[in-house]
């Protein structure tokens, strides 16, 4: 699994994670795959996450889930990069299904939030994903229908709307890191809407700066630079609303 930009500690973590999954889940586990900045030439050791997805054949049994919790807790105690690990666990027959079953390891905890069948992950995996173990991604998902991708982009911008606009009690809204994430994610949504492809946040920001209306460029520049403290909420909300309008325009054109 060549990951030339990854620190050795990250590749060691993925090797140990893969071995642990196979030991804990046996024949139920299909494969472990890396996506995100590690596969897009944009990994930043200061802030990037280690994004991966595990595919299983059937839902986790209680005994499997218990073993997995113990193994992940032990691995977290040995590997500092576990705090950056974001691992989704999905069932093979439900990979693109909205409201499917799913597990998530994030912030050091394994939860069962379900799955939104996010094809954005699969677009990344099909184009540049890395296999820790298991069959090639294209044997699991051959192509992504356009309507599923558009629905996924609409969900992504809705998630941002909830945290930045709709939910007055959002704890994420106040965090500088989330505001930067939101601005760059909005750029990624625009990029995928226009091209059908998935790219890194920095590349999406550079792409968007050449195409966005002038009133949205300053907030994107600040987000892309990673400096300047917490982004102002007003321009960030305006950017989210601009992306929502673009998605609405594309829906109208497609019909």
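Residue numbers (the working numbering): 3 to 257.
Positions of the beta carbon are idealized from the N, C-alpha and C atoms, including for glycine.
query                                                                                                                        : result
Sub-8 Å separation of residue 162 and residue 242 beta-carbons                                                               : yes
Residues of its chain near residue 214, where Cβ-Cβ distance is below 6 Å and the 5 sequence neighbours each way are ignored : none
Outcome for residue 253 when other beta-carbon atoms lying within 10 angstroms are tallied against a minimum of 16           : With a pLDDT of 47 at residue 253, under the threshold of 50, the modelled position of this residue cannot be trusted; read the value that follows with caution. Exposed.
Per-residue burial, residue 257 [other beta carbons within 10 Å of its own, 16 or more giving buried]                        : Residue placement at residue 257 cannot be trusted, given a pLDDT of 40 that sits under 50; what the coordinates show is reported in the next sentence. Classification of residue 257: exposed, given that the 10 Å Cβ count is below 16.
Distance between residue 85 and residue 135 (C-alpha atoms, nearest Å)                                                       : 22 Å
Validate contact between the segment 173-183 and the segment 108-118 using beta carbons, cut 8 Å, 3 pairs                    : no
Inter-residue CB distance, residue 143 and residue 92 (contact presumed, cutoff 8 Å)                                         : About 11 Å separates the two Cβ atoms, so there is no contact after all.
Residue closest to residue 24, alpha-carbon to alpha-carbon, out of 64, 154, 70, 42                                          : 70
Beta-carbon proximity list for residue 226, same chain, < 6 Å, skipping 5 on both sides                                      : 207
Of the listed residues 239, 202, 247, 48, nearest to residue 38 (C-alpha basis)                                              : 202
Candidates 171, 52, 33: closest to residue 138 by CA position                                                                : 33
Under the three-state DSSP convention, the category residue 201 falls into                                                   : coil
Alpha helix (DSSP H) segment containing residue 122, residue limits                                                          : 121-130
Status (buried if at least 16 other CB within 10 Å, exposed otherwise) for residue 11                                        : exposed
Under the three-state DSSP convention, the category residue 53 falls into                                                    : strand
Stretch pair the segment 47-55 + the segment 143-152: three plus CB contacts closer than 8 Å                                 : no
Residue of 170, 49, 73 minimising C-alpha distance to residue 21                                                             : 73
DSSP-derived helix/strand/coil call for residue 111                                                                          : strand
Cβ-heavy atom distance, residue 188 to the ligand SAH, below 7 Å                                                             : Of ligands this structure carries none, so the ligand SAH is not represented either.
Cβ neighbours of residue 83 in the same chain (closer than 7 Å, five flanking residues each side left out)                   : 11, 12, 15, 52
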